[in-house]
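Worksheet: the structure to be examined is printed underneath.
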Amino acid sequence: MWSEQAVLKISIAFTLLLAAFGIVCGLLSGSFSIVFDGFYSLIDAAMSGLALAVTSLISRHTSSGESSQRLAERFNMGFWHLEPMVLVLNGTLLCAVALYALVNAAGSLLMGGKPLHFDFAVLYALIAVAVCFAMAAYAHKANRTLRSDFIALDVKTWIMSGSISAALLVAFAIGMALEHTPLAWLMPYIDPAVLLVICACLVPMPLKTLRKAFADVLMVTPADLKAKVGAIAERVVAEQGFVGHQAYVAKVGRARQIEIYFIVPSHWPAKTLEEWDALRDQIGEAIGGDNADRWLTIAFTTDPAWTK
């Protein structure tokens with residue numbers, strides 16, 4: 176059995192080890208692309224650590240226990256809003272680093288490239304490819320059950336890092352093959368050229384995650400959830416003889432926030448609170464997803480002003 180925190184902890188540990196190994200090999204080989212790969216991994220580790228902290232807070236807030244109750248008393252609205260904020264920060268940093276490296280690679284090409292020691296470079300690329308794709312497979316398998324946005328982004332990051340390392344391996348192998356040939360003059364250009372190509376491919380990759388996270392930060396109404404809640408509310412209005420309803424829905428990270436206000440006709444016969452609660456239970460069951468990450472409010476009023 177996996178937990179979100181355990182998967183992220185393992186990912187952080189391997190990321191830090193690979194980052195340190197990459198920076199050392201990059202400095203020894205003179206490869207800016209390997210140094211970039213290691214630095215990219217360090218940023219990923221930092222973001223994974225921040226994601227781990229957020230998931231721990233969310234888990235504590237939604238669990239039982241004395242410490243969780245004290246946390247809930249101080250932060251009544253929970254910590255779900257932090258999740259998309261971390262994803263936005265993560266995607267923005269990854270894009271910024273890739274853009275910076277792309278500019279540096281272009282400058283290096285214009286300056287005539289730089290010499291490279293291919294032995295350290297090939298060693299790093301081989302180990303990095305194996306580690307990255309092994310971790311991507313592990314996290315992907317775990318996320319089939321967990322369905323975490325953080326782990327999904329972590330899988331993408333491992334695949335991206337593995338793709339970088341694979342491209343480096345191919346480029347360095349070509350560079351070694353060019354040595355002592357008439358094309359040996361191309362060798363100084365290999366490292367900045369492959370870095371330029373890799374960064375050009377990396378920059379667009381976090382954009383989908385960024386778009387989704389920004390939608391959660393801005394609390395953009397998800398069309399599918401809005402349609403589902405609206406259909407259920409309309410059915411309840413027709414069955415109960417209500418005047419109408421107003422629904423508000425949003426997705427914030429893993430949380431679904433749903434508020435439904437039903438307008439009841441004036442001068443209706445009085446109902447007990449138990450009867451209203453029973454109707455709320457029926458509506459909640461129809462909506463589904465009754466877990467700690469669902470924030471559901473159902474209210475009944477005769478004044479339409481309370482629904483706005």
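First residue of the sequence shown? That's 176 in this note's numbering, and the numbers climb one at a time after it.
Glycine included, C-beta positions come from ideal geometry on N, C-alpha and C.
Which of the three DSSP states, helix, strand or coil, is assigned to residue i?
i      : result
PHE325 : helix
VAL427 : strand
ALA467 : coil
GLU434 : strand
THR472 : strand
TRP451 : helix
PHE211 : helix
TRP255 : coil
LYS289 : coil
HIS236 : helix
ASP478 : coil
SER216 : helix
LYS483 : coil
MET380 : coil
THR367 : It is Pro, not Thr, that sits at residue 367 in the sequence shown. Three-state DSSP puts PRO367 in a helix.
TRP360 : helix
HIS442 : coil
Return the chain-ordered list of same chain residues with a C-beta closer than 7 Å to the C-beta of residue i, the five sequence neighbours on each side being excluded.
i      : result
PHE475 : PHE437, VAL439 and TRP451
TYR313 : none
LEU370 : PHE207, SER208, PHE211, ALA276 and ALA280
ALA461 : ILE407
PHE389 : VAL263
SER186 : SER223, MET310, ALA314 and ASP329
TRP177 : ALA317, THR320 and LEU321
Among the options, which one has its Cα closest to the Cα of residue i?
i      : options                           : result
LEU192 : THR237, MET310 and GLY282         : MET310
PHE325 : ALA281, ASN265 and PHE293         : ASN265
SER216 : LEU448, ALA188 and VAL229         : ALA188
ASP294 : ILE209, ASP219 and LEU448         : ILE209
GLY253 : ALA430, MET380 and SER340         : ALA430
MET260 : GLY416, ALA228, HIS236 and MET286 : ALA228
THR320 : VAL182, ALA273, PRO479 and LYS483 : VAL182
THR472 : SER204, ALA408, SER336 and LYS446 : ALA408
ALA305 : THR190, GLY459, LEU393 and LEU225 : THR190
ARG386 : LYS446, ASP219 and LEU328         : LEU328
ILE484 : LYS403, GLU248 and HIS442         : Since the first residue of the chain shown is 176 and the last is 483, residue 484 is not available in this structure.
LEU382 : LYS331, ILE339 and ASP399         : LYS331
GLY428 : THR267, LYS316, LEU257 and GLY224 : LEU257
ILE198 : LYS184, GLY205, GLY213 and SER204 : GLY213
THR267 : MET380, LYS446, TRP177 and PRO357 : MET380
PRO479 : SER178, ILE435 and MET286         : ILE435
LYS184 : ALA271, LEU269, LEU225 and THR477 : LEU225
LEU400 : GLY463, HIS442 and THR477         : GLY463
CYS307 : LEU353, PHE250 and ALA194         : ALA194
TRP255 : THR384, VAL392 and HIS442         : VAL392
By Cβ distance below 6 Å, which residues in the same chain neighbour residue i in space, the five residues on each side in sequence not counted?
i      : result
PRO367 : ALA280, SER283, LEU284 and GLY288
ALA346 : ILE365 and VAL369
VAL418 : ILE438 and PRO440
CYS200 : ILE209, PHE295 and TYR299
THR237 : ALA467
CYS374 : ALA273, ALA276 and LEU277
ALA341 : VAL304
When you compare the CB positions of residue i and residue j, do they come within less than 9 Å of one another, or not?
i      : j      : result
LEU301 : ILE365 : no
VAL395 : ALA422 : no
ILE433 : TRP481 : no
SER336 : ASP219 : yes
LEU517 : ILE334 : The displayed coordinates of the chain run from 176 to 483. Any statement about residue 517 would go beyond what the structure contains.
LEU454 : VAL411 : yes
Looking only at its own chain, which residues have a Cβ that is under 8 Å from the Cβ of residue i, when we skip the five neighbours before and after it?
i      : result
GLN180 : LEU227, THR230, SER231 and SER234
MET351 : PHE293 and VAL297
VAL372 : ALA342
Continuous alpha helix (DSSP H) assignments of at least 4 residues falling wholly in the stretch 384-421: Counting only runs of 4 or more, we get 398-415.
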